[in-house]
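For the record, the sequence lines run as chains A and B. Residue numbering for the first sequence follows our numbering, starting at 154 and increasing by one per position. Residue numbering for the second sequence follows our numbering, starting at 154 and increasing by one per position. Notes to accompany the following structure.
2 protein chains.
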Amino acid sequence: MIKPRTPPGVMELLPRDQIAFQRMLDVIRRNYERFGFLPVETPVFELSEVLLTKSGGETERQVYFVQSTGALEKAGEGMPELALRFDLTVPLARYVAEHEHALAFPFRRYQIQRVYRGERAQRGRFREFYQCDIDVIGKDSLHLRHDAEMPAVIHAVFTELGVGGFTIQLNNRKLLRGFFEAQGIAEGERQALVLREIDKLDKRGAEAVRATLAGPDFGLSGEVVDRVMDFVGFRSSGHDEAIARLSALRAEGEAAGNESLVTGAAELAEVVALLRAQGLPDGDYAVNFSIARGLDYYTGTVYETVLDEHPQIGSVCSGGRYDNLASHYSKSKLPGVGISIGATRLFWQLREAGLIGAAESSVQVLVGLMDESRLADSLAIAGELRGAGINTEVQMEAKKLARQFQYADKAGIRFMVLSGEDEAARAVVAVKDLRSQQQAEVPRAGLAAHLRARLAGEG
Amino acid sequence: MIKPRTPPGVMELLPRDQIAFQRMLDVIRRNYERFGFLPVETPVFELSEVLLTKSGGETERQVYFVQSTGALEKAGEGMPELALRFDLTVPLARYVAEHEHALAFPFRRYQIQRVYRGERAQRGRFREFYQCDIDVIGKDSLHLRHDAEMPAVIHAVFTELGVGGFTIQLNNRKLLRGFFEAQGIAEGERQALVLREIDKLDKRGAEAVRATLAGPDFGLSGEVVDRVMDFVGFRSSGHDEAIARLSALRAEGEAAGNESLVTGAAELAEVVALLRAQGLPDGDYAVNFSIARGLDYYTGTVYETVLDEHPQIGSVCSGGRYDNLASHYSKSKLPGVGISIGATRLFWQLREAGLIGAAESSVQVLVGLMDESRLADSLAIAGELRGAGINTEVQMEAKKLARQFQYADKAGIRFMVLSGEDEAARAVVAVKDLRSQQQAEVPRAGLAAHLRARLAGEG
């Protein structure tokens with residue numbers, strides 16, 4: 154006998170939790186499609202040679218390699234032929250480069266699949282997790298306006314998820330670069346290091362970050378550190394304040410001949426203006442100069458999204474603009490902008506925070522069986538309900554009624570329908586709502602319409 | 154520069170094919186839910202020790218093992234710790250055994266995920282493919298009536314898929330065993346071998362199978378071979394004929410004291426009777442005594458489904474009844490019945506047969522942009538359409554109109570909406586249906602309702 158168990162670092166759910174999780178994925182997918190993104194799925198494994206072109210040591214150490222039994226037996230020195238994807242961006246780059254001539258640009262794709270990382274096993278850290286990505290990829294160029302679509306999609310998704318207030322925070326890497334150049338931090342590598350420290354603001358706190366920046370690793374003067382900390386402390390409290398601050402920065406940049414600052418401030422102002430044009434409520438987005446996104450990858454607009462009541466969860470949806478998606482695979486220049494929701498981690502954290510519970514069953518009605526002779530009637534009722542679009546299960550054995558109710562209750566099924574001889578003689582069925590515990594008789598001919606109305610929330 | 158390419162043996166689709174494939178998966182999922190099955194997802198990899206308990210050499214040779222970089226470096230002699238699932242049945246067994254106390258029985262689960270087999274690369278053979286499974290698992294026992302639910306689900310799925318006529322073929326392993334015992338082929342192993350030959354009837358033809366059975370490997374007498382071939386040649390041409398043949402077999406069994414034959418014929422007759430009770434049309438199911446299903450796994454009812462116009466595709470949905478799901482993981486007896494649709498292979502074959510083409514885009518409307526000053530209006534229109542549940546993309550740059558139409562056409566988007574200054578002044582929008590190539594003006598205020606009606610097929 155083998156003990157049945159999953160490997161560590163995966164999230165496997167019981168059905169009612171799986172239903173809640175599936176609803177989350179459905180909301181994300183529906184909204185991605187609503188905004189005109191097209192579905193793409195890629196294989197779980199890629200050729201290692203293709204997957205691992207650009208990733209550095211850190212990523213490579215976390216990669217899972219795949220070998221068939223045959224390959225394992227004759228394994229040589231080299232890297233195994235296949236590896237599991239560790240994100241959806243590298244597969245997207247490979248996909249766009251491979252199918253470039255068959256795609257219409259700007260290419261708008263969504264992709265909702267699991268990715269794999271050989272993370273150290275740790276509570277809340279997953280080795281297998283869903284990413285839900287959208288990207289718009291241009292050929293040669295991609296208009297800045299697409300950067301303003303991302304917050305609109307994020308807004309639609311998180312509004313429908315119903316997880317409370319949230320704020321979509323925006324920044325611009327050019328703006329940041331321009332600011333740092335003005336502080337005498339001109340070198341790209343050094344900016345990246347400072348940005349990485351600033352990215353830790355929320356986790357480490359202002360004092361700790363200030364100390365690091367003034368310390369031996371960075372050696373910034375107290376004055377520069379003050380200006381940096383003051384700058385990155387900015388977080389707009391409304392649309393007009395954001396626009397005003399960006400105007401002022403742009404003017405500063407123009408006065409100083411700081412091109413990066415001018416471009417960055419102008420880009421961010423245009424994106425913010427388009428958020429209002431799309432009807433996003435003022436309070437749901439903010440400019441935040443501390444947002445840098447760890448990776449070197451982004452070159453313009455960057456996004457992070459936080460739940461107002463649950464800042465400890467961190468960003469639930471992040472992304473940004475990049476200059477060239479697929480330089481390793483194609484000579485074409487393919488700039489893009491995209492965001493990603495880590496759905497497994499998000500679901501796990503929302504559940505930990507008590508914001509998501511087990512769902513009611515996806516089964517909406519259980520047709521009970523009062524005695525064996527009524528089975529054909531049960532099957533007929535179930536057929537009608539299914540025809541009306543209602544998810545219906547049939548009790549196949551005439552067990553004790555108490556046990557049938559118990560089963561429906563444990564399974565989270567809302568309605569139980571019963572039709573005994575007495576009911577059949579009167580052309581009615583008994584309907585019990587296990588949520589309200591109320592029971593009523595409904596004319597047999599009107600059962601499907603009755604249940605559809607109840608399920609649609611009309612009582 | 155690395156050549157962008159996928160590993161052999163995977164099916165990666167362009168967006169419009171992916172949309173068609175996604176619709177197939179959605180139909181399957183919706184119908185599985187309609188019949189009261191609950192979603193389960195398991196991790197792509199299992200602990201090798203757990204996954205490979207019972208599988209024989211053949212399966213094991215096809216398994217993909219998974220190792221993180223760290224594990225690869227210190228790889229010892231033994232089997233790697235993780236392996237990719239090769240079906241959804243072993244993960245289901247592990248899942249049910251692991252979560253037994255938290256589940257309500259009979260446990261009805263559906264699972265739509267990809268599985269992995271290190272197949273020899275060959276056209277139409279996939280190393281990564283979707284399986285779409287449903288199973289009902291009982292604790293200690295499971296009523297035979299559940300066997301009759303499977304064909305009802307199959308019927309609903311394939312009717313909605315709209316791939317032409319199909320026949321759900323049924324048989325019963327006890328009935329087969331009883332028949333073979335009566336022919337003096339009593340040993341289980343030998344029955345299995347004969348059954349495996351019979352399973353090749355469609356592929357090899359009757360003569361070749363007959364020769365093998367009469368030849369040195371089996372050494373059956375000509376008379377026995379005749380009886381076997383005659384028996385397995387039975388395929389009912391309607392409900393009543395099926396019931397009559399099963400009654401006759403049952404009577405034969407009773408006369409001969411052949412318990413297996415009696416039980417098998419009675420079970421199959423009850424299942425067939427319940428198909429009619431559920432309203433399945435007579436011509437859509439048939440009893441076929443040649444259906445054996447290769448595996449030793451099944452113990453009662455077995456199913457195969459063929460497309461009437463495309464028999465060369467073989468069975469598109471198969472399954473059956475088994476006595477004990479999880480004997481390797483649990484002391485509980487967990488009998489079950491289930492079916493599986495190999496969606497990747499099915500989609501690929503339907504496309505090869507010309508039964509499925511690329512879908513229209515999931516994007517239903519492209520809001521064009523006639524000049525830059527109209528962008529805010531485009532965004533407002535898109536917001537309204539999305540609010541009305543219409544998947545809408547916005548043209549973000551005022552490119553030449555011909556190019557905008559070209560893009561919509563290439564992308565398979567049905568409607569293009571245009572609102573220039575002239576239209577705006579008259580409070581109308583121009584709507585072009587790229588399917589019919591007809592263009593009309595529609596009042597701006599009624600645009601969403603107009604498009605919803607058109608998309609719902611009312612014009």
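The beta-carbon is built from N, C-alpha and C at its ideal position, and this holds for glycine as well. In this text the structure is predicted, and so the values were computed from the model without any measurement.
- Item | chain B contact residues for Glu281 (chain A), given Cβ-Cβ distances below 7 Å | Indexing the first sequence from 1 puts residue 281 (chain A) at position 128. Those within 7 Å of Glu281 (chain A) in chain B are Pro196, Val197.
- Query: Curious, which full-length beta strand (DSSP E) runs of at least 3 residues does the region 543-575 of chain B contain?
  - Reply: 545-547, 568-571
- Pick out whichever of A:Leu571, A:Leu487, A:Ala598 has its Cα sitting closest to the Cα of Ala257 (chain A). Within the first sequence, residue 257 (chain A) is the residue found at index 104, counting from 1. Of A:Leu571, A:Leu487, A:Ala598, the residue nearest in Cα terms is A:Leu487.
- Mind checking if Ala430 (chain B) is an interface residue toward chain A, Cβ cutoff 8 Å exclusive? Translated into positions along the second sequence, residue 430 (chain B) becomes position 277. Under the Cβ criterion of 8 Å, Ala430 (chain B) is counted among the residues facing chain A.
- Task: Please state if the CB of Arg597 (chain A) and the CB of Ala578 (chain A) are separated by a distance shorter than 8 Å.
- Result: Stepping through the first sequence from its first residue, residue 578 (chain A) is reached at position 425. Stepping through the first sequence from its first residue, residue 597 (chain A) is reached at position 444. Not in contact: Ala578 (chain A) and Arg597 (chain A) (Cβ atoms no closer than 8 Å).
- Could you work out which residues of chain A lie near Asn544 (chain B), taking near to mean beta carbons separated by less than 7 Å? Translated into the one-based positions of the second sequence, residue 544 (chain B) becomes position 391. In chain order: Glu186, Arg187, Gly189.
- Could you tell me whether the region 484-498 of chain A touches the region 349-361 of chain A, using the rule of 3 or more Cβ pairs below 8 Å? no
- Message: Checking the sheet assignment: what are the DSSP bridge partners for Asn324 (chain B)?
- Response: Indexing the second sequence from 1 puts residue 324 (chain B) at position 171. Answer is B:Val455, bridged to Asn324 (chain B).
- Simplified DSSP assignment, three categories, for Asp530 (chain A): Reading the first sequence from its first residue, position 377 is the one you call residue 530 (chain A). Looking at Asp530 (chain A) - three-state DSSP - the assignment turns out to be helix.
- Give a yes or no on whether the minimum CB-CB distance between His308 (chain B) and chain A is below 8 Å. Reading the second sequence from its first residue, position 155 is the one you call residue 308 (chain B). So no, His308 (chain B) is outside the interface.
- Excluding five sequence neighbours on each side, which residues of the same chain lie with their C-beta closer than 6 Å to the C-beta of Ile534 (chain A)? On the first sequence, position 381 is the one that residue 534 (chain A) refers to. Same-chain partners within the cutoff: Val520.
- Expressed to the nearest angstrom, what Euclidean distance is found between the alpha-carbon atoms of Tyr378 (chain A) and Gly510 (chain A)? Indexing the first sequence from 1 puts residue 378 (chain A) at position 225. Indexing the first sequence from 1 puts residue 510 (chain A) at position 357. A small fix is needed here, since residue 378 (chain A) is Val in this sequence, not Tyr. Cα to Cα, the separation comes out at about 45 Å.
- Item | Best match in A:Val216, A:Glu234, A:Gln215 for proximity to Gly223 (chain A) [C-alpha to C-alpha] | Here residue 223 (chain A) refers to the residue found at position 70 of the first sequence. Ranking the options by Cα distance to Gly223 (chain A), first place goes to A:Glu234.
- Query: Sorted by chain position, which residues of the same chain lie with C-beta nearer than 8 Å to Leu241 (chain A)'s C-beta, five sequence neighbours on each side aside?
  - Reply: Locating residue 241 (chain A) in the first sequence gives position 88, where the first residue counts as 1. The residues are Thr195, Gln264, Gln266, Val268, Gln284, Asp286, Ser493.
- Straight-line Cα distance separating Leu346 (chain A) from Leu204 (chain A): Mapped onto the first sequence, residue 204 (chain A) falls at position 51. Mapped onto the first sequence, residue 346 (chain A) falls at position 193. Whole-angstrom Cα-Cα distance: 26 Å.
- Query: Under three-state DSSP, which class holds Asn441 (chain B)?
  - Reply: As a working mapping, residue 441 (chain B) is identified with position 288 in the second sequence. Taken through DSSP and simplified to helix, strand or coil, Asn441 (chain B) comes out as strand.
- Item | Glu594 (chain A): first and last residue of the uninterrupted beta strand (DSSP E) it sits in | Position 441 of the first sequence, counted from the start, is the residue given in the question as residue 594 (chain A). Looking at the DSSP string, the run of the beta strand (DSSP E) that includes Glu594 (chain A) is 591-596.
- Span of the beta strand (DSSP E), counted from its first residue to its last, around Glu199 (chain A): As a working note, residue 199 (chain A) is residue 46 in the first sequence. Element bounds for Glu199 (chain A): 198-200.
- Would the region 310-323 of chain A and the region 176-186 of chain A be scored as touching if the rule is three or more Cβ pairs under 8 Å? yes
- Message: Measuring straight from C-alpha to C-alpha, what distance separates Glu525 (chain A) and His296 (chain B)?
- Response: Counted from its first residue, the first sequence places residue 525 (chain A) at position 372. Counted from its first residue, the second sequence places residue 296 (chain B) at position 143. Cα to Cα, the separation comes out at about 12 Å.
- Item | Alpha-carbon to alpha-carbon, Ala609 (chain A) and Arg556 (chain A) | Taking the first residue of the first sequence as position 1, residue 556 (chain A) is located at position 403. Taking the first residue of the first sequence as position 1, residue 609 (chain A) is located at position 456. Computed Cα separation, rounded: 28 Å.
- Assuming Tyr450 (chain B) contacts Ser471 (chain B) (C-beta within less than 8 Å), just tell me the rounded distance between them. Looking up residue 450 (chain B) in the second sequence gives position 297. Looking up residue 471 (chain B) in the second sequence gives position 318. Between Ser471 (chain B) and Tyr450 (chain B) the Cβ distance is about 12 Å, and since that is not below 8 Å, they are no contact.
- Based on Cα-Cα distance, which residue from A:Val440, A:Leu460, A:Ser374 lies nearest to Glu98 (chain A)? Any question about residue 98 (chain A) goes unanswered here, given that chain A covers just 154 to 612.
- With 8 Å as the threshold, decide whether the Cβ of Thr242 (chain B) is near any Cβ in chain A. Translated into positions along the second sequence, residue 242 (chain B) becomes position 89. Output row for Thr242 (chain B): interface = no.
- Can you list the residues of chain B that Ala257 (chain A) reaches, using a CB-CB cut of under 8 Å? In the first sequence, counting from the first residue as 1, residue 257 (chain A) sits at position 104. Those within 8 Å of Ala257 (chain A) in chain B are Tyr560, Lys563, Ala564.
- Item | Minimum Cβ-Cβ distance from Glu423 (chain A) to chain B less than 8 Å | The count along the first sequence starts at 1 and reaches residue 423 (chain A) at position 270. Not an interface residue.
- Query: Would Arg605 (chain B) count as contacting chain A if we go by Cβ distances under 8 Å?
  - Reply: Residue 605 (chain B) sits at position 452 when you count from the first residue of the second sequence. Closer than 8 Å: no.
- Query: Using a Cβ cut-off of 8 Å, which residues of the region 578-606 of chain A contact any Cβ in chain B, in chain order?
  - Reply: none
- Query: What residue does the alpha helix (DSSP H) around Phe311 (chain A) start on, and which one ends it?
  - Reply: Position 158 of the first sequence holds residue 311 (chain A). First-last of the alpha helix (DSSP H) with Phe311 (chain A): 302-314.
- Message: Closer than 7 Å to a non-hydrogen atom of the ligand FMN - does that hold for the CB of Ile509 (chain A)?
- Response: The model on display carries no ligand, and the ligand FMN is accordingly not part of it.
- Item | Neighbourhood of Ala401 (chain A) by C-beta, 7 Å cutoff - its chain only, sequence neighbours within 5 removed | Residue 401 (chain A) sits at position 248 when you count from the first residue of the first sequence. Excluding residues within five positions, none has a Cβ falling inside 7 Å.
- Ends of the alpha helix (DSSP H) at Phe174 (chain A)? Position 21 of the first sequence holds residue 174 (chain A). Residues 168-187.
- Query: Rounded to a whole number of angstroms, what is the C-alpha to C-alpha distance between Glu412 (chain B) and Gly406 (chain B)?
  - Reply: Position 259 of the second sequence, counted from the start, is the residue given in the question as residue 412 (chain B). Position 253 of the second sequence, counted from the start, is the residue given in the question as residue 406 (chain B). CA-CA distance, Glu412 (chain B) to Gly406 (chain B), rounds to 7 Å.
- Item | Proximity winner among B:Leu191, B:Ile543, B:Leu428, B:Leu571, relative to Lys552 (chain B) (alpha-carbon distances) | Taking the first residue of the second sequence as 1, we reach residue 552 (chain B) at position 399. Per the Cα distances, B:Leu571.
- Cβ distance (whole Å) where Thr454 (chain B) is taken to contact Val424 (chain B) below 8 Å: Within the second sequence, residue 454 (chain B) is the residue found at index 301, counting from 1. Within the second sequence, residue 424 (chain B) is the residue found at index 271, counting from 1. Confirmed, Cβ separation roughly 6 Å.
- Query: Three-state secondary structure (DSSP) at Glu281 (chain A)?
  - Reply: The count along the first sequence starts at 1 and reaches residue 281 (chain A) at position 128. In the structure shown, Glu281 (chain A) sits in a strand (DSSP, three-state: E or B).
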